[in-house]
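So the number in the working numbering is just where the residue sits in the sequence shown, counting from 1, plus 11.
From the three backbone atoms N, C-alpha and C, an ideal C-beta is built for every residue, glycine too.
Notes follow once the structure below has been shown.
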Amino acid sequence: MTVGTAADLSAIAHPPERASRRARIWSDLPWFFLVLAILPTHRELVIAAGVVVVMAIAFRVRYYRHEWLLFVVGTLLGLAFELGGDAIYKLQSWSEGSLFGIPAWLPLFWGLGFVFIRRFGNVLVGLDER
């Protein structure tokens, strides 16, 4: 069993201040809204490339350990959920779906959601991300 350092223990004992947590949330929101601003173009490949570019820039500005993995897992699960939901329930139809009948950007948007929901969740419960 390993013993944590004093810095690790202080992070547990003293969660980030409320203003610091609020700043972390506000610093992540522009990335999410930037992707939403691309959606009205209705150009599937532009939207997909936009999601990848926004995630790359967001990770360049602030990256936490294993977020690329979380993005990939979210993208793969999003692909499975969208294809499964389409095959089983036929709830939605896409007129311009080039990725097995769904838009190419949709699974990428799932990956984006996985990363940012984790970030927001960690802020809300007061975890210090590293």
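Query, Result
"Bridge-paired residues (DSSP) for residue 113", "110"
"Coarse secondary structure for residue 129, derived from DSSP in three states", "helix"
"Cβ contact (3+ pairs, closer than 8 angstroms) linking the segment 75-82 and the segment 44-58", "no"
"Check: residue 85 C-beta below 7 angstroms from any heavy atom of the ligand FMN", "The ligand content of the structure shown is nil, which means the ligand FMN is not present either."
"Pick from 138, 127, 45, 115 that is closest to residue 87, judged by C-alpha positions", "115"
"Close Cβ partners of residue 45 (< 7 angstroms) along its chain, the five nearest in sequence each way excluded", "65"
"CB of residue 59 within 8 angstroms of CB of residue 119, strictly", "yes"
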